[in-house]
Structures are given as structure tokens and as C-alpha cells.
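This report concerns only the one structure given below.
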Amino acid sequence: MNGASATTVTGADRPLVRSVARRVAVQVAVSCAIAVIFVAAVVFLLTGFHHHRPGEPPGDDNFVFDAVLIAGAVGIVIAGIIGWVAALRAVRPLSDALALQRRFVADASHELRTPLTILHTRAQVLDYKVAVDDPAKPLIRQLLNDSRVLGEVIDQLLLSAQIGNDPSRAEPVDVGALVDDVVSSMSMLAEQSRLSMVRQVDARPVVAGSPVSLRRALLALVDNAISHTPAGGTIWVSVTPERGSQVRLRVADNGPGADPRDLPRLTERFAQGRPVGSEPGDTDRTAKRRFGLGLSLVREIAHSHGGVLEIGDRPGGGFAASILLPGSGRKLQAIPH
1 MNGASATTVT
11 GADRPLVRSV
21 ARRVAVQVAV
31 SCAIAVIFVA
41 AVVFLLTGFH
51 HHRPGEPPGD
61 DNFVFDAVLI
71 AGAVGIVIAG
81 IIGWVAALRA
91 VRPLSDALAL
101 QRRFVADASH
111 ELRTPLTILH
121 TRAQVLDYKV
131 AVDDPAKPLI
141 RQLLNDSRVL
151 GEVIDQLLLS
161 AQIGNDPSRA
171 EPVDVGALVD
181 DVVSSMSMLA
191 EQSRLSMVRQ
201 VDARPVVAGS
211 PVSLRRALLA
221 LVDNAISHTP
231 AGGTIWVSVT
241 PERGSQVRLR
251 VADNGPGADP
261 RDLPRLTERF
271 AQGRPVGSEP
281 GDTDRTAKRR
291 FGLGLSLVRE
301 IAHSHGGVLE
311 IGDRPGGGFA
321 ASILLPGSGR
331 KLQAIPH
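Following UniProt numbering, the numbering of the sequence shown begins with 1 at its first residue and continues without gaps.
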């Protein structure tokens, strides 16, 4: 890893670095402004108590006061510029650390993918060769499932390191078509779990972003709903326009929902949650929201597109997750009032 590549601020990190730099610059400028105002106040008080001597031309004090104000304003501007430059230099270690972190995650995920793929393939071959009534069959199936889950986690880690690296690749995304595609892709999985999936697309708004990332986020929300909705349940996938040209992508289910105590941390990496009314020792299919980076990745994708992830209980029972995105101002058809 060379030093030049490590010190490059990626698209995902640039807003954070700039935010820290702005904060430092504002603090420096405010400090300088307070000092200038204090000096100006002292000069004003001194000139206010100064009495004109007989024959002294009037207006000298006003000239001094105006000069102090102009000098103070110029000083504040210069202080702000100096503060901005100093802040950029001060947060350079932060940008280096963020770049190194993303590089490490991407490299580690890439290096682990090949041996894990080989392991999963061998587990598939073993599962195929072992008879159904063999006592080792359940253990082999568990090994096969564990290797698949581990592969998903590595894929999610790699995606997490890549999110927002190149904002210039943003393009118009038809959100209605995105919902159609995801529902079509996940319908068979929902049927296998004996779940109904309802698509609700009343409009075709367009957002600016990465279609691959947005599809991955919506897939994660649908997969989360399928994983935690009991058989016979329903999953709703909808897109609705919001005020201010915003667009809401929403996935809701009528499953057990999430324990309110877990809601604040469900978007943390590897967080686990319990459905309403469950106990810590429950181990059934819907008793624990499985570990992973799903909701955490969805939150990162939403933030990289200038949006937010909202999670909570669904009115009437269940769980709901929404991605609120800024619209591009374009529509493929008129939005009904």
C-alpha cells in the first residue's frame, strides 16, 4: 500500500472530513471575532469618554471607530481563511485513517472471498454425496448454511467499503422500476417461506444515485422482512412521493415486530434484535434478528444518497423500514393528488 493512495479522501469520507474542517474553522473564526469585538468595544468606550478640546475638529472619533470596524471585519475574514486552512491540515490524519480503514476492509474482504467460495463449494459437494438419512446430514447442512452466511457478511463488508466512493457516478434511477425488479427477484423466496408480497407503486419518481446500491439496500430490507415474518404473513413494498420532491421506499410486514428497546441499535453493525414479547433465550426462527450488516449497510447507502433510514413498528402490528431520498425533480408519470 503506497502512501499516496492512503492519503486520498474517498467520496464517502470527504463529507465527514469537510464537516470536521468547517467546525474547526468556525471555532477559530468565532474566537477571532470575539477578540476583535472586544477590542472594538474597548476603543468605542475610550472614544466615548474622550471629550473634545476647544478648537478640535469634530468627527475624529467617528473616523477612528469606522476604521476599527473595517479592520475588525477584515480580521474576521482573514481569520476564517486561516482557520479553514489550519483545519484542513489538522484533520488530515483523520482522512488518512478513514482511507486506510476502507482499504483494509476492501482488501481483507477480497482476500477472504476466494477461500470461502472454495469452502462453500466443497460443502455443497459433501452435501450432495451424503445420503439424506445419514446422521451427519444435518451437520453438513448447517455447515453449508454457515458458509453461505459468512459469504454474505464478507460481501456486505466489501460493499460497505465501496459505498459512496465515486459520487460522480450518480445517475437517474426509476424507483418504481427498482421496486418491480426487487419484488420479482424476491417473490420466489417469499413463496418458499409461505409469505405474500404486495407491490404498491402509485407513481414513478426518479432519484439521482447508484442503481446498484439502491437495489442492494431495498433487497436487504425485503430479505430482512422475509427472514422475520412467520409463515402466512404479508410483506408490503411501496414507493410514495413525499413533500418537497422527496421519495419514500418502504418495506413493511405484519410479523412480530421488534422490541422497542432494540430499535435505537438495530442499525448498528452486527446488532441483534428480539421481536415484541420474546425473551433473551428464544431460539425460534423469528425470535432473533440475525446478525449481519443489513440495516447498517442500508443506512450507509441512504446517507450516501443524501437520505435517511427510518425504522419502527408498523401501525396494526409488524415492522416497517423506510428509505427517504431526495428526489431529482423528475417523474416518469404524473403523481396523482
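C-beta: ideal position from N, C-alpha, C; glycine also.
Asked, Found
"I need the straight-line Cα distance from A321 to V74, nearest angstrom please.", "50 Å"
"Got a sec, what are the start and stop residues for the alpha helix (DSSP H) P211 sits in?", "211-227"
"Within the same chain, show all residues whose beta-carbon is closer than 6 Å to that of N254, passing over the 5 residues directly before and after it, in chain order.", "G233, T234, G317, G318"
"Among V132, G294, D127, whose alpha-carbon lies nearest the alpha-carbon of I226?", "G294"
"In this structure, how does DSSP classify S185 when only helix, strand and coil are distinguished?", "helix"
"If you reduce the DSSP assignment to three classes, tell me which class R122 lands in.", "helix"
"For the putative contact between G176 and V239, defined by C-beta atoms under 8 Å, what is the C-beta separation to the nearest angstrom?", "6 Å"
"Which of the three DSSP states is assigned to P205 in this structure?", "strand"
"With three or more beta-carbon pairs closer than 8 Å as the criterion, would you say the segment 118-128 touches the segment 143-152?", "yes"
"Can you list, in chain order, the residues of its chain whose CB lies under 7 Å from that of I154, leaving out five sequence neighbours each side?", "S109, L112, R113, L116"
"Check G151 in the structure and name its three-state DSSP category.", "helix"
"I need the straight-line Cα distance from Q246 to G327, nearest angstrom please.", "5 Å"
"Can you tell me whether E242 is helix, strand or coil according to DSSP?", "coil"
"Leaving aside the five residues before and after E242 along the sequence, list all residues of the same chain whose C-beta is less than 6 Å from its C-beta, in chain order.", "R248"
"Below 8 Å CB to CB, which residues in the same chain sit around R194 once its five sequence neighbours on both sides are set aside?", "A231, G232"
"Whose C-beta lies closer than 7 Å to the C-beta of T8 among residues of the same chain, with five residues either side of it excluded?", "Any reading at T8 needs caution, since the residue's pLDDT is 47, under 50, leaving its predicted position unreliable; the model's value is listed next. Within the same chain, T8 has close Cβ partners A99."
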